[in-house]
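This report concerns only the one structure given below.
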Amino acid sequence: MAQLMRKNVLTGALAAREYIHFFRDPIGCMRTLHRQRGKLVALGPIAFGEPTKLHVLAIGPEFNRQVLGDPAKFRTTGQFIHGPKDSAQRRIRFGLTRMNGPQHKQQRQLILPPFHKKAVAGYHDLIVELAREVIGQWTVGQRDVYADMRAVTLRIASAVLFGHEANDAYRIARLLDIWARRNFSGPVWFFPVNIPGTPYHRLLRHAERVEREILALVEKRRRDSTNRTDVLSLLIRARDDENRGMTDTELVGQATILFGASFETTASTLTWTMFLLAQHPAIMRELMDELDRVLGGNAPTRDQVPQLSFLDRVIKESMRILPPVPFTIRAADDDAIPMGPLTLSHGSRVICSHFLTHHLPETYPAPEMFRPDRWREIDPTQYEYMPFSAGPRACVGAMFAIQVLKISLAMILQKFRFTVVPGARIDRVVRITMNPRYGMPMLVAENDRRFESSKVRGQIHEMVKLPLK
Ligand code: HEM
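The numbering used here puts the first residue of the sequence shown at 5, with every later residue one more than the last.
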């Protein structure tokens with residue numbers, strides 16, 4: 005008995021340590037667990053969600069397929085703070101990423117059309133115009149490129165989702181950005197007490213404001229009889245097979261989640277890609293040769309985007325080595341689910357890691373090397389390469405995101421040359437997406453093609469083997 009108690013105390017202490025490590029640095033924690041304990045790691049029973057349930061880290065394509073490929077057995081739980089019953093916080097986080105079963109299927113069917121191939125091609129000119137507008141304001145000198153990339157994607161996401169005329173759309177987008185960030189502050193998680201003055205209280209009040217503003221915009225769009233093509237207007241008009249549309253609450257939840265899912269992920273990808281290119285001058289030169297040859301200094305036209313094949317490989321490789329969404333969590337929705345030697349009970353959490361999957365040497369030899377040309381030779385399955393996840397819940401905005409990435413990068417790189425500030429510390433922080441913790445300080449000059457890498461410090465060296473140490 006005493007021995008059992010001692011074992012439980014030890015397991016609890018270990019779990020608490022892992023939990024804190026995971027909360028502070030999920031990628032570091034997952035890498036350590038993988039290295040020390042293999043591809044299927046049972047964590048102690050205290051972590052997120054239901055505290056008494058087993059938590060498992062499951063690494064590799066087979067587990068990814070089992071978990072992500074079967075939403076009937078593994079449900080999503082959503083990442084944002086729950087909020088009290090009947091609160092705006094609860095309603096605005098209830099979008100596609102939080103839904104399961106028939107409701108998820110029905111809402112996904114309504115959301116997909118604005119992100120189909122043809123619809124996405126229709127956003128081309130708008131993306132070029134908005135990217136030009138934002139980039140046109142940049143000056144040379146030292147800049148935080150992460151802040152710059154957020155500015156580009158904030159402008160594009162707000163216009164495409166909520167409408168081109170800046171005021172309403174941009175205001176709501178900024179409110180949503182603040183809301184998303186507040187969801188990941190330590191005090192909100194560890195002290196969720198709703199009394200005036202606490203960060204949690206401020207989060208709930210902010211959620212109410214977000215809800216009010218989106219509802220007001222929905223009302224405005226409903227009264228607008230022109231054939232608007234922003235995503236919100238398309239969702240207001242969308243009908244499923246049984247001619248059912250979205251309720252106001254669903255519209256608010258979906259608008260919130262679409263914004264949250266699109267803006268920070270794309271900004272993160274742009275920032276890491278800029279970093280990787282700046283640190284690999286030979287690859288940067290090869291890319292510039294392609295941009296010169298195909299675009300000759302101009303923004304890409306619709307027909308030119310598919311001709312940028314090296315840019316395509318650069319983006320693929322960047323999203324492999326530094327995937328913007330490094331992991332996802334699912335909850336077992338059945339009892340006695342076998343997983344390797346383990347048996348999962350209802351409510352057990354499984355962590356699938358895009359990051360670790362993308363760094364498995366059996367799929368990607370020398371996984372820490374940034375080598376865009378490896379994509380000439382490899383053709384991984386959707387469960388081996390999954391920056392946009394895989395299976396029936398894969399990202400609905402993947403094609404749109406790739407379009408934004410290609411156009412923005414082609415325009416930015418033709419205009420400026422970027423060098424990482426020598427000695428900069430490049431650490432990671434994960435709030436659903438993985439971002440540079442202290443921003444991305446770079447020296448920005450007119451593009452004279454004199455590319456040079458810099459010595460940098462920090463956790464980046466655990467993830468990427470850079471030419472300069
Ligand atoms: C580089 C940019 C992007 C990346 C890396 C990315 C990545 C992902 C990933 C990994 C998931 C699955 C999350 C999970 O299973 O927990 C996901 C889901 C989703 N993404 Fe994206 N995404 C990006 C851009 C976008 C854009 C531009 C939109 C829409 C405008 C979007 C909308 C969504 C939605 C609605 C879901 C939920 C799908 C569902 O649950 O059925 N994403 N994304």
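For every residue, glycine included, the Cβ atom is placed at its ideal position computed from N, Cα and C.
Asked, Found
"Starting from the Cα of leucine 295, find the closest Cα among Met415, Ile176, Pro330, Asp252 and give me that residue.", "Met415"
"Any heavy atom of the ligand HEM closer than 7 Å to the Cβ of phenylalanine 404?", "yes"
"Considering Cα atoms alone, identify which of Ile430, Leu116, Val433, Pro75 is closest to leucine 236.", "Leu116"
"Given a threshold of 16 other Cβ atoms within 10 Å of its Cβ, counted over all protein chains shown, does threonine 305 qualify as buried or as exposed?", "exposed"
"Candidates Ala394, Ser458, Cys399, Leu158: which alpha carbon is nearest aspartate 74's?", "Ala394"
"Quick one: residues in its chain with C-beta nearer than 8 Å to the C-beta of threonine 347, no 5 flanking neighbours on either side, listed in chain order?", "Ala340, Ile341"
"Counting along the chain, where does the beta strand (DSSP E) carrying methionine 373 start and finish?", "Careful: methionine 373 lies outside any beta strand (DSSP E) and carries neither H nor E."
"Histidine 2 lies in the alpha helix (DSSP H); which residues open and close that run?", "Nothing can be reported for residue 2: it is not among the residues displayed for the chain, which extend from 5 to 473."
"Quick one: what's glutamate 450 bridged to in DSSP?", "Phe420"
"By Cβ distance, which residues of its chain are closer than 6 Å to serine 352, with the 5 residues on each side in sequence left out?", "Lys57, Leu58, Ala336"
"Since arginine 317 is in the alpha helix (DSSP H), which residue starts that stretch and which ends it?", "313-325"
"Decide if the stretch 252-262 is in contact with the stretch 105-116; the criterion is three or more beta carbon pairs, one per stretch, under 8 Å apart.", "yes"
"Check whether the stretch 92-100 and the stretch 360-379 are in contact - that is, three or more C-beta pairs closer than 8 Å.", "no"
"If we call anything under 8 Å between Cβ atoms a contact, is alanine 135 one with isoleucine 411?", "yes"
"For phenylalanine 78, which residues does DSSP report across the bridge?", "Ala336"
"Taking the alpha carbon of proline 200 as the reference point, which residue from Phe194, Arg209, Trp193 has its own alpha carbon closest?", "Arg209"
"In whole angstroms, what separates the C-alpha of serine 458 from that of leucine 472?", "7 Å"
"Three-state secondary structure (DSSP) at proline 440?", "strand"
"Can you give me the start and stop residues for the alpha helix (DSSP H) that aspartate 477 sits inside?", "Coverage of the chain is limited to positions 5 through 473, which leaves residue 477 absent and any answer about it impossible."
"With a Cβ-Cβ cutoff of 8 Å, do alanine 19 and leucine 37 count as a contact?", "no"
"Please return the same chain residues whose Cβ sits closer than 8 Å to the Cβ of arginine 380, not counting the five positions on each side in sequence.", "Arg317"
"Are tryptophan 142 and valine 448 close, meaning C-beta to C-beta below 8 Å?", "yes"
"What three-state label does DSSP hand valine 425 in the structure shown?", "coil"
"Could you tell me if the beta carbon of proline 328 falls within a distance shorter than 7 Å of some heavy atom in the ligand HEM?", "yes"
"Are there three or more Cβ pairs, one per stretch, closer than 8 Å when the stretch 274-284 is compared with the stretch 189-196?", "no"
"Here's a check: name, in chain order, each residue in its chain whose Cβ is nearer than 8 Å to the Cβ of proline 30, leaving out the five neighbours to either side.", "Pro330, Phe331, Val434"
"Since alanine 184 and alanine 173 should fall inside the 8 Å C-beta cutoff, what is the C-beta to C-beta distance between them, to a whole number of angstroms?", "Actually they do not touch by this definition, with Cβ atoms about 16 Å apart."
"Can you give me the Cβ contacts of arginine 206 inside the same chain, cut-off strictly under 8 Å, excluding the 5 residues immediately before and after it?", "Arg186"
"With hydrogens ignored, establish whether the beta-carbon of threonine 361 is closer than 7 Å to any heavy atom of the ligand HEM.", "no"
"Would you report the Cα separation of asparagine 104 and phenylalanine 78, rounded to the nearest angstrom?", "9 Å"
"Can you tell me where the alpha helix (DSSP H) holding aspartate 296 begins and where it ends?", "285-299"
"Would you report the Cα separation of valine 132 and aspartate 228, rounded to the nearest angstrom?", "26 Å"
"Using a Cβ-Cβ cutoff of less than 6 Å, which residues in the same chain neighbour isoleucine 355 once the five nearest sequence positions on both sides are dropped?", "Leu61, Phe331, Ile333"
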